[in-house]
Amino acid sequence: PRSTLFPYTTLFRSVVFHGIDIDGLQRPAATAVPVTVAEVATAQEWGANFVRLPLAMNPVLPRDCAYDPSYLDRVDALVSAITSRGMVALLDLHTLALTPCAQTVQQTMPDQRAVTFWQIVAARYASNPLVAFDLYNEPHNVSDAVWHAGGTTTSNGVTYRAVGMQDLYAAVRGTGATNLVFASGTNWAS
């Protein structure tokens, strides 16, 4: 039935996520832990319906010195292994390098290039409703205002302009993607 609070005729159902994190894709290729499709099958056998894949930003960006044209192919393989089993794949922007050619690590917030990252990633997976997006892993040491709208912050000794969650959300929705989006809160998403 229609109501003023929920004017949609679609029925909603609760979904409880039971899942795991498959680590490895957020590290540089040289130090990455091999991530396998077998891990997805094992997780499902254990009862998981949700797999979080932490990603690195720099290998996705074509003009970045860490760009890896095969990186998203590896992500594709895991997303396919996850979603073909009816499980949700959460793609989590986890690490990035703030200075050219530096190692990708977790920062307090992503920089402005994260908008391009999400435009590329969201467009790539927009047609798969079992793919969800986590805009940034565990933002920390920033004000609520910087978290929301961006602003100057310092991370690992580098001062830069962070992009806010509102702009990252707009980047995802600007691709036409209607996938589920997570925006982790401040203080390490607590």
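So in the numbering used here, spot 174 of the sequence shown is number 210, and the numbers just go up one at a time.
Virtual Cβ for every residue (Gly too), placed ideally from N, Cα, C.
Only a predicted model underlies this, so the values are computations on that prediction, with no experimental measurement involved.
Nonlocal neighbours in the same chain, by C-beta distance under 7 Å from residue i, ignoring five residues either side
{"i": "Q202", "result": "H184, A185"}
{"i": "V178", "result": "T144, M145, T189, A198, T222"}
{"i": "T30", "result": "The question about residue 30 has no answer here: the residues shown for the chain are numbered 37 through 226."}
{"i": "P43", "result": "Because P43 sits at a pLDDT of 46, beneath the cut-off of 50, its placement in the model cannot be relied upon, and the following sentence gives the value as read from the coordinates. Cβ neighbours of P43 beyond the five flanking positions: none."}
{"i": "R49", "result": "none"}
Beta-carbon contacts of residue i that lie in its chain and below 6 Å, excluding the five residues immediately before and after
{"i": "R88", "result": "D57, L126, D128"}
{"i": "A84", "result": "H54, G55, I56"}
{"i": "L166", "result": "T119, V124"}
{"i": "P90", "result": "Q62, D128, H130"}
{"i": "F218", "result": "D170"}
Sequence-distant residues of its chain with Cβ nearer than 8 Å to residue i (five each side left out)
{"i": "L134", "result": "Q143, D147, S191, N192, V194, Y196"}
{"i": "T40", "result": "The predicted position of T40 is uncertain, since its pLDDT is 47 and thus under 50; a value taken from the coordinates is nonetheless stated next. The answer is none, since no qualifying residue turns up."}
{"i": "V182", "result": "M145, T188, T189, A198, G200"}
{"i": "Q229", "result": "What is shown of the chain runs 37 to 226, which leaves residue 229 out entirely."}
Local Cβ density within 10 Å of residue i, reported as buried at 16 or more and exposed below that
{"i": "V51", "result": "exposed"}
{"i": "Y172", "result": "buried"}
{"i": "Y103", "result": "exposed"}
{"i": "N94", "result": "buried"}
{"i": "N223", "result": "exposed"}
{"i": "A213", "result": "buried"}
{"i": "A77", "result": "exposed"}
{"i": "A206", "result": "exposed"}
{"i": "A74", "result": "exposed"}
{"i": "D100", "result": "buried"}
Residue range of the alpha helix (DSSP H) that includes residue i
{"i": "F153", "result": "150 to 161"}
{"i": "D180", "result": "180 to 185"}
Cβ-Cβ distance between residue i and residue j below 8 Å
{"i": "T119", "j": "L132", "result": "no"}
{"i": "V71", "j": "L108", "result": "no"}
{"i": "V199", "j": "F169", "result": "no"}
{"i": "L61", "j": "V96", "result": "no"}
{"i": "S226", "j": "P175", "result": "no"}
{"i": "L204", "j": "V151", "result": "yes"}
Residue range of the beta strand (DSSP E) that includes residue i
{"i": "Y196", "result": "194 to 198"}
{"i": "T211", "result": "Here T211 belongs to no beta strand (DSSP E), and DSSP marks it neither H nor E."}
{"i": "T144", "result": "T144 -> no beta strand (DSSP E), and no H or E assigned at all."}
{"i": "T222", "result": "Not the beta strand (DSSP E): T222 falls in the alpha helix (DSSP H), residues 222 to 225."}
{"i": "A138", "result": "A138 -> no beta strand (DSSP E), and no H or E assigned at all."}
{"i": "H130", "result": "124 to 131"}
{"i": "A168", "result": "167 to 170"}
Quick one: complete beta strand (DSSP E) runs, 3+ long, within the stretch 54 to 122?
55 to 57, 86 to 92
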